[in-house]
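Numbering (my numbering), first residue to last: -1 to 161.
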């Protein structure tokens, strides 16, 4: 999967395969994208860098594919939907136009916001090219992940409070 700051569900081998299928060298692709060849090498290396989600569109366009081609189909959560769309969090908010703030969207994606308004779910589905059910399932996944992480911090707080 992708690095913490890169596209969620990033598949490095998918980039190398798409690049080879397009008949491009790493240098050719780097020139088209105006980035270093070393960055392409890092993107193609398992455990290396994952590009930010918003970098996936130009990458996909250069290779004649879609951003979702580089994302693990098993990747779950709102960040995976966003990566498949090739969008930054800011771009999602700009395209939604429901009044949801960037901070609130980050809370949704991290599972800290427990309730997703129906109008936001609908807008997110449109932005991501997904169904509302896909968006709700992604949100449910993020909530569950957040809850699995929370007990550790709650136990530590309880241990501190009881001493």
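The C-beta atom is built at its ideal place from N, Cα and C for all residues, glycine as well. Small disclaimer: the values here were computed from a predicted structure and weren't measured.
Reference residue i; option with closest CA among the options
{"i": "residue 102", "options": "94, 111, 96", "result": "111"}
{"i": "residue 205", "options": "122, 40, 143", "result": "Within the shown structure, residues of the chain are numbered from -1 to 161, placing residue 205 beyond reach of any answer."}
{"i": "residue 35", "options": "17, 51, 6", "result": "17"}
{"i": "residue 104", "options": "49, 86, 93", "result": "86"}
{"i": "residue 31", "options": "66, 59, 69", "result": "59"}
{"i": "residue 76", "options": "99, 146, 109", "result": "109"}
Neighbour-count burial assignment, residue i, 16 or more Cβ in a 10 Å radius
{"i": "residue 136", "result": "buried"}
{"i": "residue 28", "result": "buried"}
{"i": "residue 19", "result": "exposed"}
{"i": "residue 92", "result": "exposed"}
{"i": "residue 78", "result": "buried"}
{"i": "residue 116", "result": "exposed"}
Alpha carbon of residue i to alpha carbon of residue j, nearest angstrom
{"i": "residue 61", "j": "residue 47", "result": "19 Å"}
{"i": "residue 14", "j": "residue 55", "result": "16 Å"}
{"i": "residue 72", "j": "residue 145", "result": "21 Å"}
{"i": "residue 106", "j": "residue 114", "result": "7 Å"}
{"i": "residue 67", "j": "residue 81", "result": "10 Å"}
{"i": "residue 65", "j": "residue 148", "result": "32 Å"}
{"i": "residue 84", "j": "residue 53", "result": "7 Å"}
{"i": "residue 41", "j": "residue 57", "result": "11 Å"}
{"i": "residue 38", "j": "residue 24", "result": "6 Å"}
{"i": "residue 119", "j": "residue 134", "result": "7 Å"}
{"i": "residue 154", "j": "residue 21", "result": "In this prediction, residue 154 scores a pLDDT of 39, lower than 50, which makes its location untrustworthy; the coordinate-derived value is nonetheless stated afterwards. Their Cα atoms are separated by approximately 54 Å."}
{"i": "residue 4", "j": "residue 45", "result": "12 Å"}
{"i": "residue 88", "j": "residue 131", "result": "23 Å"}
Residues near residue i in its chain [Cβ-Cβ closer than 6 Å; skip 5 each side]
{"i": "residue 70", "result": "7, 9"}
{"i": "residue 139", "result": "74, 75"}
Cβ shell of residue i (< 7 Å), same chain only, five flanking positions each side left out
{"i": "residue 43", "result": "10"}
{"i": "residue 63", "result": "16"}
Close Cβ partners of residue i (< 8 Å) along its chain, the five nearest in sequence each way excluded
{"i": "residue 125", "result": "83, 85, 90, 93, 94"}
> What runs of the alpha helix (DSSP H), each 4 residues or longer, lie entirely inside the stretch 36 to 108?
Replying inline: Restricted to the stretch 36 to 108, the alpha helix (DSSP H) segments that are unbroken, complete and at least 4 residues in length are 54 to 61, 76 to 83, 87 to 94, 100 to 108, listed in chain order.
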